[in-house]
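Numbering (the numbering used here), first residue to last: 1 to 296.
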């Protein structure tokens, strides 16, 4: 293959694998599906023959594979029981690439990934390629087979739906971690007064259990969310669990582990002005497989 130098095809692909996974995950909101797309991209790469610019070729292939996948994924999500959340990914070790800018961190947050569900597949692709990976509109046009001016139009439209980067992404990360630790301590201790101080008036809690083990609808408002959280800690299965603070999708969060270290739940939180404004908890076992593998 052209421009590979001394590196072989497999080595070239492996260098690109983290970026390709991060791109596919942002497009699909599913770590399992993203891994499938990376594998399919490798199969096509292994049969491609001569390629002048491997990174560009691989980006184009995986983006278009994801666009095809998004159509069927949307149908599945429309029939999903209960709130649908993207699969959580632990990002402290760079699993989704660098999160150094507001745009990069925003593009992997659970809140924004949910907003991206409002976009058409091509709008989503333009948004991710531009915001998270810094591609020019000329490059995006080549990747998607559209005109540069149309890429700009789609990007503007996507930004309207998603909104401007929120100030919470510029906030003190260490402060967020302290708030999350205080939040979990108050929840486990049943400290109502502390929770009232930490929860925003308009806080919302979502739980994705695949329609089986979690609330079927979001819980709105401080009083209801407080009762909901305290109810969770009173369940028999809450006995003996351990809490592990971590970073989930670029936000402060916690993992809830059973007595043997198995992952029971991943909880990511949004924090603004020193208070928790959103709690997103994944308990669907099928959606915890990737995050669980990151703990090994």
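Beta carbons are placed, not taken as given, at the ideal position from N, Cα and C, and that holds for glycine. Note that the coordinates shown come from a computational prediction; the quantities given were computed from them, not determined experimentally.
- Relative to residue 205, the option among 84, 105 and 49 whose CA is nearest is 84.
- The beta carbon of residue 125 lies closer than 7 Å to those of 27, 63, 67 and 144 in the same chain, with the five residues before and after it left out.
- Closest by C-alpha distance to residue 105, out of 142, 128 and 54, is 128.
- For residue 247, the CB contacts under 6 Å within the same chain, skipping 5 residues up- and downstream, are 91 and 92 in chain order.
- The shortest CA-to-CA distance from residue 9 to any of 33, 31 and 43 is the one to 43.
- Residue nearest to residue 295 within the set 278, 173, 256 and 282 is 256 (criterion: CA-CA distance).
- For residue 91, the secondary structure class from DSSP, reduced to helix, strand or coil, is coil.
- If you ignore the 5 residues before and after residue 99, its C-beta comes within less than 8 Å of the C-beta of 91, 105, 108 and 250, all in its own chain and listed in chain order.
- A buried status is given to residue 137, since no fewer than 16 other beta-carbon atoms sit within 10 Å of its beta-carbon.
- Assignment of beta-bridge partners to residue 173 by DSSP yields no partner.
- Residue burial annotation: residue 16 is buried, with at least 16 other C-beta atoms found within 10 angstroms of its C-beta.
- For residue 22, the CB contacts under 7 Å within the same chain, skipping 5 residues up- and downstream, are 96 and 97 in chain order.
- Counting only the Cα atoms, residue 192 lies some 43 Å from residue 133.
- Counting only runs of at least 4 residues, the stretch 5-39 fully encloses the following alpha helix (DSSP H) elements, listed from N- to C-terminal order: 9-28.
- Segment contact: the stretch 219-227 against the stretch 192-202, three or more CB-CB distances shorter than 8 Å; contact assigned.
- Cβ-Cβ distances below 7 Å link residue 20 to 38, 41, 58 and 62 in the same chain, with the five nearest sequence neighbours on each side left out; the list follows chain order.
- With respect to residue 161, residue 119 sits close: the two C-beta atoms are nearer than 8 Å.
- Judged by beta-carbon spacing, residue 177 lies beyond the 8 Å limit of residue 238, meaning their Cβ atoms are not closer than that value.
- About 14 Å separates the CB atoms of residue 121 and residue 30; that is not less than 8 Å, and the two are not in contact.
- Taking C-beta separations shorter than 7 Å and ignoring five residues to either side along the sequence, the partners of residue 241 in its chain run 256, 257, 258 and 264, following chain order.
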